[in-house]
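Top to bottom, those sequences are chains B and C.
The letter at position 282 of the first sequence is residue 282 when you use full-length UniProt numbering, and the numbering goes up by one with no holes.
The letter at position 124 of the second sequence is residue 124 when you use full-length UniProt numbering, and the numbering goes up by one with no holes.
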Amino acid sequence: MDGDGDGQSRWCLSQVKGAVDDDVAEADIISAVEFNHSGELLATGDRGGRIVIFQQEQESKNLPQCHAEYNVYSTFQSHEPEFDYLKSLEIEEKINKIRWLPQKNAAHFLLSTNDKTIKLWKISERDKRPEGYNLKEEDGRYRHPSSLTTLRVPVFQPMDLMVEASPRRVYANAHTYHINSISVNSDNETYLSADDLRINLWHLDFTDRSFNIVDIKPANMEELTEVITASEFHPLQCNTFVYGSSKGSVRLCDMRASALCDQHSKLFEEPEDPSTRSFFSEIISSISDVKFSHSGRYMMTRDYLTLKIWDLHMESRPVEIYQVHGYLRSKLCSLYENDCIFDKFECCWRGDDSEVMTGSYNNFFRMFDRDAQRDATLEATWENGSPGCPLKTWRVSAGSRRKRNEIGVDCLDFSRKILYTSWHPQDNIVALATVNNLYIFQEKLN
Amino acid sequence: MGQRDITAFEASMKRKNGIPSVSMCRLEVESAAVKKEVEPGGDGALSSSRYMLGRGVKRKLSTCEDPAQDLPYPQQRQLVLDLCLDKLQSCQRRAEPSLHRSVLLANTLRQIQQEMRQEGETCLPLAPLGPSLPHASTPRHFPDLPPVPLDCPQPLTGALSPSFSLTTTEDEEVQLGGAENETLLPSFAGENDTRSTDSLFGSFEITNSTSYLTDLALDDIFEDIDTSMYDSADISVLPFPAQRSSGVDDGLKSLSSCNSNSSLQLCLSDLNDLDHIMEILVHS
Chain B
1 MDGDGDGQSR WCLSQVKGAV DDDVAEADII SAVEFNHSGE LLATGDRGGR
51 IVIFQQEQES KNLPQCHAEY NVYSTFQSHE PEFDYLKSLE IEEKINKIRW
101 LPQKNAAHFL LSTNDKTIKL WKISERDKRP EGYNLKEEDG RYRHPSSLTT
151 LRVPVFQPMD LMVEASPRRV YANAHTYHIN SISVNSDNET YLSADDLRIN
201 LWHLDFTDRS FNIVDIKPAN MEELTEVITA SEFHPLQCNT FVYGSSKGSV
251 RLCDMRASAL CDQHSKLFEE PEDPSTRSFF SEIISSISDV KFSHSGRYMM
301 TRDYLTLKIW DLHMESRPVE IYQVHGYLRS KLCSLYENDC IFDKFECCWR
351 GDDSEVMTGS YNNFFRMFDR DAQRDATLEA TWENGSPGCP LKTWRVSAGS
401 RRKRNEIGVD CLDFSRKILY TSWHPQDNIV ALATVNNLYI FQEKLN
Chain C
1 MGQRDITAFE ASMKRKNGIP SVSMCRLEVE SAAVKKEVEP GGDGALSSSR
51 YMLGRGVKRK LSTCEDPAQD LPYPQQRQLV LDLCLDKLQS CQRRAEPSLH
101 RSVLLANTLR QIQQEMRQEG ETCLPLAPLG PSLPHASTPR HFPDLPPVPL
151 DCPQPLTGAL SPSFSLTTTE DEEVQLGGAE NETLLPSFAG ENDTRSTDSL
201 FGSFEITNST SYLTDLALDD IFEDIDTSMY DSADISVLPF PAQRSSGVDD
251 GLKSLSSCNS NSSLQLCLSD LNDLDHIMEI LVHS
């Protein structure tokens, strides 16, 4: 599909978070990005096990063409590094996934996970505190009861806003392999966690037990040829979930069918095109992300080179296929050599499911308009762009040409990649993480 | 914009050396072709191509196609096989082992092996008799020398399970010479594969042992150590801490099998010398 011809997109850079120099500490590299269900909060996780939550300011009246900005709301250490003594291996504190729970009261809840442990965090605000105790001074010292002459009722007084994050549950020791996905069920009571070989079902209230619902570990590990790469609950049907595999197939399971969902209800797999077969066919078919549409009718899968939209009623082939960076097909051997072929890209839907988006290399990200059947390549950069200024679209050509807004495939920088993306559930705001920074883009409103 | 909006955590995480920083992951396409001609034996060139610092300078290629695609199919396949073995070997050494990656690599390797085996079966009668390509100078010209595997760097015999080193040293037809003539026809027995993948995939489990040592009072571990064994016949069992799984498992197993008081007492009842004890422990 060709990009739009005028070279301008509707998108403009809104904010960049993080240091802008080239030297970034390993611990600061962002590894998860997720808007909450209202879009008011944006959470990021990094390799150091920290979570930073940004909050959208109230809409400001003097900038009608822009949505409000996101500023830091809370920062906390979610996971710590651990050491597995028997295997002599570090268990990384890197945050693999963040998922918000739908908001039920004033507090916000999110699930965060590293390779081994899932935690439920409560983020709550405190903007009042009781003052006027009888037995305590304002500084906390206790007064002797005999010094009291009168009694008073303590009252709440306003204080500076304090945002507290506290771990409410720790769901540990249920996964032998590295956790790659978590997904909250539409019933708001259960969630699933998936590692390379198993998927477990948890109740949010109970940390001492979880149910295994998928187990693809073979009796002989030597027969292992396939692992689970991503999993998600259906947004509306609480009995349905899907999981993607390293062989490029997605299985839909119904928990009503049996306790252990090793038998899939549907298998979504596109037959391989023999003309494009190579040594790397299996590797590039590995599903790196699977996301249901908000409507629940469709499902999107991301593999190394393409985005595929599937109709849940049709298992034989996807209804739409979008080439993310097809020009890399001739470079697979080099990408295999430098390990980029194993990069796992995420993808996301626009709130009304009319567009989808995913990241690429060279800090490019790709937007696909499903209705208009148009796509755009945009670059996440803080150079030569000011907030409010629309982004220019890029074209990637063969060879090493470099023209204005055109770049040759040989000039692409494969160390700059956008793996993690999230789309605001209602507005056209996208957040994505480059290696160094968090970028927030908005669609121009007018 | 541009300033760090959040207070930087001075998280003092110790990182194991060996994770290449992302800024080093650049496309160094030329190295694929260069490496084959320059260093057939070592993995030094392979490592340097992956971890080479390429800051600030983007390399532009004259061709738009991956040079590896220009190679004839057997050479392409050989290149991929070499890379596969190298990556699987380095998997074990990485600080963040990934089962997903290892499974993909193993599948690719298996696919190539099967292909080669099928081809090997069709031309097997020819292979041991001499070079099939006229201008290769093979070790068979010097029948006293064993065939030297082209891509058998020393570390293969170390960290990875023995069968991977077996695959490159046994039953190979190797032709040294120009880069264009390199082919490798490993012919493994089936059990070598299974043993290798078993030990490869078996090491990915996260055990629930992070609290293993915190549950034990440290004193309990050491209370059994008794120096009186060195000057009398009173033997006590020495506990051994958990060790790295590669290579030492056999040693541990054999130690534990003879680690009962009675057998030690029988063996050591006449010995009160530390050196003798160590000698026996090492040889058992």
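Every residue, glycine too, gets a C-beta built ideally from N, C-alpha and C.
1. Step through the CB atoms of chain C and report whether any lies within less than 8 Å of the CB of E138/B.
2. How about T225/B: is its C-beta nearer than 8 Å to some C-beta of chain C?
3. Check whether the Cβ atoms of I429/B and H79/B lie closer than 8 Å to each other.
4. Is the CB-CB distance between L161/B and D215/B below 8 Å?
5. Name, please, each residue of chain C whose Cβ falls closer than 7 Å to the Cβ of I283/B.
6. Would you kindly report the start and end of the unbroken beta strand (DSSP E) that includes T300/B?
7. Closest Cβ-Cβ distance between residue 290/C and chain B: below 8 Å?
8. Applying the criterion that 16 or more other CB atoms from any shown protein chain within 10 Å of the CB defines a buried residue, is Q77/B buried or exposed?
9. Only counting the same chain, and skipping five residues up and downstream in sequence, which positions put a Cβ closer than 7 Å to that of A32/B?
10. Could I get the ranges of all uninterrupted beta strand (DSSP E) runs contained in the region 320-406 of chain B, with 3 residues as the minimum, in chain order?
11. Helix, strand or coil for H144/B per DSSP?
12. Helix, strand or coil: how does DSSP classify V227/B here?
13. For L412/B, I'd like the list of residues in its chain whose CB is within less than 6 Å of its CB, leaving aside the five on either flank, ordered along the chain.
14. Roughly how many angstroms lie between the CA atoms of V324/B and N105/B, to the nearest whole one?
15. Tell me the DSSP bridge mates of F414/B?
16. Where does C84/C land, buried or exposed, given buried means 16+ other C-beta within 10 angstroms?
17. Quick check: the Cα distance between G296/B and E115/C, rounded to an integer number of angstroms?
18. Return yes when the Cβ of S74/B is within less than 8 Å of the Cβ of I91/B, no when it is not.
19. In chain C, what lies closer than 9 Å to D196/B by C-beta?
20. Note down the Cα distance separating E173/C from S400/B, rounded to an integer number of angstroms.
21. At what residues does the beta strand (DSSP E) containing H203/B begin and finish?
22. When DSSP labels each residue in this structure, what does P73/C get in the three-state scheme?
23. Hey, would you say the C-beta of I309/B is under 7 Å away from at least one heavy atom of the ligand GTP?
24. Applying a beta-carbon distance threshold of less than 9 Å, which residues of chain C neighbour Y243/B?
25. Under the rule that 16 or more other beta-carbon atoms within 10 Å means buried, what is Y322/B, buried or exposed?
26. When you compare the CB of D250/C with every CB in chain B, is at least one pair closer than 8 Å?
27. Any beta carbon from chain E within less than 8 Å of I112/C's own beta carbon?
28. Who does D84/B pair with in a DSSP beta bridge?
29. What are the residues of the region 323-351 of chain B that lie near chain C, defined by any Cβ-Cβ distance shorter than 8 Å?
30. Considering only C-alpha positions, which residue in the set I123/B, Q426/B, Y439/B is nearest to R350/B?
31. Taking buried to mean at least 16 other C-beta atoms within 10 Å of its own C-beta, is D70/C buried or exposed?
32. Could you check how far apart the C-beta atoms of Y133/B and P154/B are, in whole angstroms? I think they sit under 8 Å.
33. Checking contacts by CB at 8 Å: is R93/C closer than that to chain B?
34. Find out if the Cβ-Cβ distance for the pair Y70/B, L89/B is shorter than 8 Å.
35. Where S147/B and V24/B are concerned, what is the direct C-alpha to C-alpha distance, given to the nearest angstrom?
36. Does chain B have any CB closer than 8 Å to the CB of V80/C?
Looking at the coordinates:
1. Answer no: the Cβ-Cβ gap between E138/B and chain C never drops below 8 Å.
2. Yes - at least one Cβ of chain C is within 8 Å of the one on T225/B.
3. It is not a contact, given that the beta carbons lie outside the stated cut-off.
4. Against a cut-off of 8 Å, the Cβ pair of D215/B and L161/B comes out as no contact.
5. Against I283/B, the close residues of chain C are L104, T108, in the order they occur along the chain (beta-carbon pairs closer than 7 Å).
6. Checking the sequence shown, residue 300/B turns out to be Met, not Thr. Unbroken beta strand (DSSP E) run through M300/B: 298-302.
7. Outside the shown range of chain C, which is 1 to 284, sits residue 290/C, and nothing can be said about it.
8. Q77/B is exposed by the Cβ-count criterion.
9. Here A32/B has T44, G45, I95, N96, K97, I98, Y420 as same chain residues with Cβ atoms under 7 Å from its own Cβ, once five neighbours each way along the sequence are excluded.
10. For the region 320-406 of chain B, the continuous beta strand (DSSP E) assignments of 3+ residues that do not extend past its boundaries occur at 320-323, 347-349, 355-359, 364-369, 374-379, 390-392, 395-397, in sequence order.
11. H144/B: coil per DSSP, three-state reduction.
12. DSSP places V227/B in coil when its eight states are reduced to three.
13. A distance below 6 Å between beta-carbons, with the five flanking residues on each side excluded, links L412/B to the following residues of its chain, in chain order: Y361, N362.
14. Going from the Cα of V324/B to the Cα of N105/B covers about 40 Å.
15. F414/B pairs with nothing; no bridge assigned.
16. By the 10 Å Cβ count, C84/C comes out buried.
17. Rounded to whole angstroms, G296/B to E115/C spans 42 Å at the Cα level.
18. Cβ distance not < 8 Å, so I91/B and S74/B don't count as in contact.
19. Within 9 Å Cβ-Cβ: S98, L99, H100, V103, F204.
20. Annotation note: pLDDT 36 at E173/C (below 50); position unreliable, coordinate value reported separately. C-alpha separation (whole angstroms): 40 Å.
21. Residue range 198-203 is occupied by the beta strand (DSSP E) that includes H203/B.
22. Going by the sequence as given, residue 73/C is Tyr instead of Pro. If DSSP states are grouped into helix, strand and coil, Y73/C belongs with the helices.
23. No copy of the ligand GTP occurs in the structure displayed, which carries no ligand at all.
24. Neighbours of Y243/B on chain C: none; closest Cβ ~13 Å, over 9 Å.
25. Taking a 10 Å sphere around the C-beta of Y322/B, we find 16 or more other C-beta atoms and assign the residue as buried.
26. Residue placement at D250/C is poorly supported in this model, since its pLDDT is 45, which falls under 50; the coordinates still yield a value, given next. By this cut-off, D250/C is not an interface position.
27. Of the protein chains in the structure, B and C, none is chain E.
28. Per DSSP, L89/B.
29. Residues passing the 8 Å Cβ filter: S330, K331, L332, C333, S334, L335, Y336, E337, N338, D339, C340, F342.
30. Looking at the Cα atoms, Q426/B is the closest of the given residues.
31. So D70/C ends up on the exposed side.
32. With 8 Å as the limit, Y133/B and P154/B qualify as a contact, their Cβ atoms being about 5 Å apart.
33. With 8 Å as the cut-off, R93/C does not count as an interface residue toward chain B.
34. Against a cut-off of 8 Å, the Cβ pair of L89/B and Y70/B comes out as no contact.
35. Distance from the CA of S147/B to the CA of V24/B, rounded to the nearest whole angstrom, comes to 58 Å.
36. True, the Cβ-Cβ gap to chain B drops below 8 Å.
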